[in-house]
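If you're matching them up, the sequences are chains S and G in order.
Mapped onto this note's numbering, the consecutive letters of the first sequence carry residue numbers 75 to 485.
Mapped onto this note's numbering, the consecutive letters of the second sequence carry residue numbers 75 to 485.
The beta-carbon is built from N, C-alpha and C at its ideal position, and this holds for glycine as well.
Everything numeric in this text was worked out from a predicted model, so none of it was measured.
Protein chains: 2
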Amino acid sequence: MNAEIISIGDELLIGQVVNTNASWMAAALNSAGINVLRISVVPDDAGQIKASINEAATRAGIILLTGGLGPTKDDITKKVLMDFFGSKPIFHEPTFNHIKKLFAASHYPLSEVNRQQAEIPDNCIPLPNRVGTAVGMWFEKNDKVFVSMPGVPFEMKTLMKEQVVPRLKKKFKTSYIVHKTIMTSGIGESLLAEKIKEWEDKLPPAIKLAYLPQPGIVRLRLSASSRDKEKIEAQIEHQCELLKNYVPKAIFGYDDISMEESLGNLLKEKNRTISTAESCTGGYIAHLLTSIAGSSGYFKGSIVSYSNRVKIEQLGVAKAEIDMYGAVSRQVVEQMALGAKKRLKTDYAISTSGIAGPDGGSEEKPVGTVWIGIAGPNGVKAKLFHFGEHRGRNIRRSALMALNILRLEIQ
Amino acid sequence: MNAEIISIGDELLIGQVVNTNASWMAAALNSAGINVLRISVVPDDAGQIKASINEAATRAGIILLTGGLGPTKDDITKKVLMDFFGSKPIFHEPTFNHIKKLFAASHYPLSEVNRQQAEIPDNCIPLPNRVGTAVGMWFEKNDKVFVSMPGVPFEMKTLMKEQVVPRLKKKFKTSYIVHKTIMTSGIGESLLAEKIKEWEDKLPPAIKLAYLPQPGIVRLRLSASSRDKEKIEAQIEHQCELLKNYVPKAIFGYDDISMEESLGNLLKEKNRTISTAESCTGGYIAHLLTSIAGSSGYFKGSIVSYSNRVKIEQLGVAKAEIDMYGAVSRQVVEQMALGAKKRLKTDYAISTSGIAGPDGGSEEKPVGTVWIGIAGPNGVKAKLFHFGEHRGRNIRRSALMALNILRLEIQ
């Protein structure tokens with residue numbers, strides 16, 4: 075069964091509000107085995123809203139609308155729907171009692187516009203909105219379902235979870251949609267595509283593959299729809315196993331786990347501790363690691379040595395090495411890692427030194443030149459990278475690469 | 075002039091990725107005086123993509139597409155557009171040279187699929203993509219403009235800023251929409267609304283106000299549309315001046331400058347240096363400061379002391395104080411700030427110690443309890459805050475509050 079989502083509101087079309095509602099709804103429908111064919115964002119305009127409903131109904135059997143149900147003048151969705159479905163207004167006593175109860179609890183006075191919120195179309199099924207004043211409305215016409223919900227995210231989510239999704243599941247026999255996301259790092263998108271070409275070509279036709287690149291990470295998403303959930307899940311698991319033969323080192327986890335969480339799990343499992351000595355990443359690696367709850371169990375601290383003096387005094391880097399090789403060098407990044415490991419008393423230490431940009435590059439060491447060092451029980455090693463020209467991306471890619479190198483080292 | 079945005083990608087329709095691209099583009103078009111009539115999200119499916127382009131062209135004069143331009147098999151936008159516009163493929167030498175240059179810089183091998191990215195439709199104007207391999211494509215048909223861009227956010231943004239918006243402005247005569255954003259920190263949204271109520275009530279009807287809250291920051295956006303650009307800009311400037319009387323300390327900048335950049339400018343101007351000693355923020359303040367180009371001029375380094383041992387050994391915090399008051403205390407956070415200032419030899423030092431959550435809270439010090447310390451030429455001081463229960467937001471709010479306190483201290 076196909077569904078479409080129509081998000082109503084000028085604020086979405088001037089870029090003031092990001093349409094997080096639609097993606098949340100898409101994920102919820104997807105999990106219920108309902109395919110989302112299109113998301114449309116339309117303005118608070120009767121003609122545009124009506125046209126979008128008509129168009130959606132030519133393509134899909136389920137049309138979910140959000141927004142425009144509030145008590146103020148720019149909220150016109152209910153009026154448009156009554157026009158569309160040829161409804162008459164009726165006063166819905168249970169809704170009014172609910173609104174009165176909400177206002178009593180909040181100590182705000184009840185106004186005429188709030189009373190009007192209890193007027194609903196006579197030919198809809200009202201869906202009680204436990205957490206707000208705007209009732210949800212379920213219409214059926216020519217075997218298609220149209221549901222209108224408020225745009226306030228937690229009201230929409232409550233209605234979706236308690237009313238809309240259970241009713242849709244009951245009405246339509248849905249097939250299962252299974253997704254599995256494979257997280258990879260260390261290989262760029264096009265090289266990855268080449269390495270796994272044979273595997274990709276042999277994928278069963280029922281399983282679709284998508285590449286989702288981010289700086290430093292490429293996610294591979296396998297999707298399939300089937301009435302036999304267990305069979306399709308087993309097929310997808312099998313393909314994940316096969317993939318490991320093609321890129322044994324690149325896969326760091328599944329289903330949108332982050333690199334920092336994956337590495338954290340590994341450190342916990344192996345009972346190892348970590349610290350960082352950061353120059354060009356400026357504390358970003360420490361931030362990624364500490365964004366994970368429970369990271370104090372393995373992350374002990376970091377010395378962000380942006381100046382050479384801090385490298386020398388706080389990490390014990392030899393001034394002579396900096397003078398001879400420069401701060402962006404194998405020698406310095408190795409000493410930084412060793413210094414952090416020793417002074418912060420951890421099993422492993424990651425270090426970075428590079429030219430994040432936009433200034434500071436030279437012919438020999440252009441912007442994007444980054445040395446990454448790892449000190450551990452087997453000594454220290456360092457590797458040179460050339461990233462791009464964009465400061466933010468250089469920082470992000472350096473950090474992810476450093477975490478990835480440590481992950482491979484520990485494994 | 076009306077525009078429509080078509081976002082292409084299955085990942086948007088299963089709710090895996092939030093469509094931040096579309097809102098960013100809508101805001102950019104809006105600022106250029108172009109009204110966005112609709113945003114459509116469609117799957118990686120040739121029929122659906124073509125249908126959506128046809129429909130958009132019946133309503134709008136500008137159609138912007140993103141997504142599906144990558145080098146892998148699921149990227150079909152270029153093929154669909156060539157069908158749609160009856161194009162022949164030509165090999166575009168400048169694009170290929172650019173791709174080769176990007177690959178040479180990154181030391182990745184160039185593959186056949188990358189070479190194919192240099193094949194472009196013969197009847198489009200190629201828009202150079204300075205930061206990626208997928209070229210933008212500008213088509214014109216029946217006086218309407220169709221532009222295809224990659225879906226990678228920073229590539230799309232670079233193309234929009236450098237190519238698409240300037241070309242659209244040149245081609246279509248647009249009326250001026252003036253926006254001015256006032257950046258505030260330190261006062262929550264509802265209290266801020268109370269403090270500036272008189273000013274807000276007296277705003278001229280042509281100027282609209284929007285509150286845009288983020289963790290730790292509230293942006294106030296003034297908008298007006300006019301054919302007389304200078305007059306409306308002067309009016310908005312005047313209102314900004316008046317606002318200063320109501321919240322003299324809260325305003326840290328204008329037009330989406332970040333707190334870290336604003337503080338960086340202040341440090342440069344006053345010729346002062348800074349370091350941080352971070353526990354609960356885990357390096358995030360250092361990361362924010364070093365995300366600004368040129369920050370090495372004033373930021374010297376940071377000691378991220380996640381464990382008590384690092385607080386004692388690297389920052390000189392007295393073990394007796396930790397034992398007596400706990401790590402989350404005025405005494406410890408003050409010693410941390412003094413330790414960083416002294417050891418990293420800076421004019422100012424910021425320190426944080428708190429319970430970010432979700433674990434580690436107690437009745438006396440629940441999750442969200444955060445001490446922030448500032449050491450400077452006038453000694454050291456510390457302040458206690460109670461943020462919320464969400465780890466990520468606690469880290470973000472602590473960092474922004476610390477930067478804001480330092481900003482007020484230096485001013």
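- Identification of residues in the stretch 372-401 of chain G having a C-beta nearer than 8 Å to some C-beta of chain S yields PHE373, LYS374, GLY375, SER376, ILE377, VAL378, SER379, TYR380, SER381, ARG383, VAL384, GLU387 and GLN388, given in sequence order.
- Neighbourhood of G:ARG417 in chain S, by CB distance below 9 Å: VAL384, GLU387 and GLN388, in chain order.
- Where S:THR132 is concerned, the enclosing alpha helix (DSSP H) starts and stops at 120-133.
- With a 10 Å radius around the Cβ and a threshold of 16 neighbouring Cβ atoms, S:THR140 comes out buried.
- Contact fails between the stretch 217-224 of chain S and the stretch 251-266 of chain S, because fewer than three Cβ pairs, one in each stretch, are under 8 Å apart.
- In this structure, DSSP gives G:SER427 an extended state, which the three-state scheme calls strand.
- The DSSP assignment places 186-190 as complete runs of the alpha helix (DSSP H) inside the stretch 173-213 of chain G, in order along the chain (cut-off: 4 residues).
- Counting C-beta pairs with one atom in each stretch, the stretch 370-383 of chain S and the stretch 344-361 of chain S have three or more that are closer than 8 Å, which means they touch.
- In terms of CA proximity to G:PRO163, G:PRO195 leads the group G:GLY107, G:GLU268, G:PRO195 and G:ASN216.
- A residue is called buried once 16 or more other Cβ atoms fall within 10 Å of its Cβ, and G:PHE165, having fewer, is exposed.
- If you draw a straight line from the Cα of G:TYR422 to the Cα of S:GLN405, it is about 31 Å long.
- At a cut-off of 9 Å between beta-carbon atoms, S:PRO279 makes no contact with chain G.
- For G:LEU412, no chain S residue has a C-beta closer than 7 Å to its own C-beta; the minimum C-beta separation is roughly 16 Å.
- Between the stretch 423-442 of chain S and the stretch 393-402 of chain G, the count of C-beta pairs closer than 8 Å stays below three; the two stretches do not touch.
- Beta bridge pairing from DSSP links S:MET223 with S:THR140.
- G:LYS385 is bridged by DSSP to nothing; it lacks a bridge partner.
- Between the stretch 78-97 of chain G and the stretch 112-130 of chain G there are three or more inter-stretch CB-CB distances shorter than 8 Å, so the stretches are counted as touching.
- Among the residues facing chain S, G:SER222 is not included, as its CB has no counterpart in that chain under 9 Å away.
- Under the 9 Å criterion on CB atoms, S:PRO117 is classed as interfacial with respect to chain G.
- Looking at the backbone, the Cα of S:PHE177 and that of S:GLU186 are separated by about 13 Å.
- Here S:TYR372 is buried. Its C-beta has 16 or more other C-beta atoms within 10 Å.
- Across the structure, G:VAL205 and G:ASN478 are spaced so that their CA atoms are roughly 33 Å apart.
- In terms of beta-carbon proximity, S:ILE150 stays away from the interface with chain G, with every pair separated by 9 Å or more.
- Contact between S:VAL441 and S:GLY447 fails: their C-beta atoms lie close to 20 Å from each other, not under 8 Å.
- If you ignore the 5 residues before and after S:GLU193, its C-beta comes within less than 6 Å of the C-beta of PRO163 and PHE165, all in its own chain and listed in chain order.
- The beta-bridge partner set that DSSP reports for S:ASN76 consists of S:ASN109.
- Distance from the Cα of G:GLY121 is smallest, within the candidate group S:LEU103, S:ARG112 and S:LYS305, for S:ARG112.
- Residues of chain S with a Cβ closer than 7 Å to the Cβ of G:LEU265 do not exist, since the nearest Cβ in that chain sits about 18 Å away.
- Bounds of the alpha helix (DSSP H) holding G:PHE158 are 151-158.
- With 16 or more other CB atoms across the displayed protein chains lying within 10 angstroms of its CB, G:ALA102 is buried.
- For S:ARG465, the chain G residues whose C-beta falls within less than 7 Å of its own C-beta are ALA367, listed in chain order.
- In the three-state reduction of the DSSP assignment, S:PHE461 falls in the coil class, being assigned neither a helical nor a strand state.
- Distances from the CA of S:SER264 to each of S:THR443, S:PRO240, S:VAL292 and S:GLU408 were compared; the closest alpha carbon is that of S:VAL292.
- For G:MET398, the enclosing alpha helix (DSSP H) stretches over residues 393-399.
- Along the length of the stretch 402-457 of chain S, whole alpha helix (DSSP H) runs at least 4 residues long occupy 404-417, reported in chain order.
- In the three-state reduction of the DSSP assignment, G:ILE256 falls in the strand class, which pools E and B.
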